[in-house]
Amino acid sequence: MRISVLGATGRTGRQIVEQALQAGHEVVAFARKPEALEMDHERLTVVQGDILDAERVSEAVGGAEAVISALGAQRDSPEAMLTRGMANVVAAMKEHGVRRLIALTGAGVRLESDPASLGRTIVLALQGLFSPSPLRDAQGAVEVIRASGLDWTVVRVTRLSDRPGTGRVHGGAPRLEPIRSIPRADVARFVLEQVTDERYLVQAPMVAPAPR
Numbered sequence: 050m051r052i053s054v055l056g057a058t059g060r061t062g063r064q065i066v067e068q069a070l071q072a073g074h075e076v077v078a079f080a081r082k083p084e085a086l087e088m089d090h091e092r093l094t095v096v097q098g099d100i101l102d103a104e105r106v107s108e109a110v111g112g113a114e115a116v117i118s119a120l121g122a123q124r125d126s127p128e129a130m131l132t133r134g135m136a137n138v139v140a141a142m143k144e145h146g147v148r149r150l151i152a153l154t155g156a157g158v159r160l161e162s163d164p165a166s167l168g169r170t171i172v173l174a175l176q177g178l179f180s181p182s183p184l185r186d187a188q189g190a191v192e193v194i195r196a197s198g199l200d201w202t203v204v205r206v207t208r209l210s211d212r213p214g215t216g217r218v219h220g221g222a223p224r225l226e227p228i229r230s231i232p233r234a235d236v237a238r239f240v241l242e243q244v245t246d247e248r249y250l251v252q253a254p255m256v257a258p259a260p261r
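In this note's numbering, the protein residues as written are 50 to 261.
Dropping the structure here:
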């Protein structure tokens with residue numbers, strides 16, 4: 050399968066690219082700084098560009114069978130970068146007839162259907178206090194995805210770590226898991242499973258380490 054990975058040079062994005070290649074997929078890696086990918090493979094194509102450049106996004110998405118977004122915003126990112134960038138992604142997917150979209154986002158993103166949880170409420174309050182702009186932008190990007198009409202899955206992640214993967218991941222409704230960390234390798238594995246698994250179609254599961 051041909052998969053376009055956006056945000057391919059981030060620590061989680063690189064895990065997704067590596068595991069996709071190991072699984073036999075053809076990968077198009079979209080990155081602002083391709084040299085940061087530090088990877089060479091016969092089934093890897095790198096497209097240089099910015100997520101706010103609609104033409105470059107279209108080039109990266111064209112010919113794909115699925116798109117994975119591992120994009121993230123920082124305090125110094127352009128205003129509403131994720132929201133505007135995701136609008137470019139959705140437009141490109143519709144232009145090229147690509148239906149499947151899997152997007153990573155943070156645990157702070159909320160859906161109206163989320164169950165109430167004291168622990169989660171505390172986490173959200175802290176995120177809103179210390180990172181208000183990135184959180185608003187992430188929420189906006191998810192709203193763009195939800196309104197897209199595409200076959201989407203938004204994967205909400207807890208705190209990420211660079212520990213070796215365990216192969217044990219829990220996906221489901223948000224509970225207390227947002228305060229626990231999960232290896233990026235496990236998140237990448239879960240994301241790639243969603244490319245062909247429709248269990249979480251048009252849903253936004255939270256992923257966290259599976260209970261022992």
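Each residue gets a CB set at the ideal place from its N, CA and C atoms; glycine is no exception.
What's the call for residue i, buried or exposed, on a 16-neighbour Cβ count within 10 Å?
i	result
residue 71	exposed
residue 217	exposed
residue 57	buried
residue 250	exposed
residue 123	exposed
residue 220	buried
residue 246	exposed
residue 179	Low local confidence applies: a pLDDT of 45 at residue 179 is under 50, so the model's placement there is unreliable, and no value is given.
residue 196	exposed
residue 255	buried
residue 248	exposed
residue 167	Legend: pLDDT at residue 167 = 46, less than 50; position of this residue unreliable, value from coordinates given subsequently. It is exposed - the Cβ of residue 167 has fewer than 16 other Cβ atoms within 10 Å.
Just to check my reading of the structure: residue i and residue j have Cβ atoms closer than 8 Å, yes? What is that Cβ distance to the nearest angstrom?
i	j	result
residue 241	residue 65	7 Å
Would you list the residues sitting across from residue i in a DSSP beta bridge?
i	result
residue 55	79 and 118
residue 135	The partner list for residue 135 (beta bridge, DSSP) is empty, contrary to what the question assumes.
residue 230	208
residue 203	152
residue 97	80
residue 220	256
Nearest CA to the CA of residue i: which residue from the options?
i	options	result
residue 143	157, 158, 117 and 110	110
residue 91	103, 82, 102 and 78	78
residue 154	245, 215, 120 and 234	120
residue 105	183, 84, 55 and 114	55
residue 183	75, 259 and 130	130
residue 103	238, 133 and 202	133
residue 107	147, 89, 248 and 68	147
residue 211	233, 238 and 152	233
residue 127	187, 113, 88 and 93	187
CB residue i to CB residue j, shorter than 8 Å?
i	j	result
residue 117	residue 52	yes
residue 253	residue 160	yes
residue 141	residue 206	no
residue 63	residue 86	yes
residue 80	residue 95	yes
residue 191	residue 138	no
residue 23	residue 204	There is simply no residue 23 to check, as the chain begins at 50 and stops at 261 in what is shown.
residue 149	residue 244	yes
residue 68	residue 83	no
residue 230	residue 209	yes
Compare the C-beta of residue i with all C-beta atoms of chain D and state if any pair is closer than 8 Å.
i	result
residue 136	Judged by its chain identifiers, the structure shown contains no chain D, having just a single protein chain.
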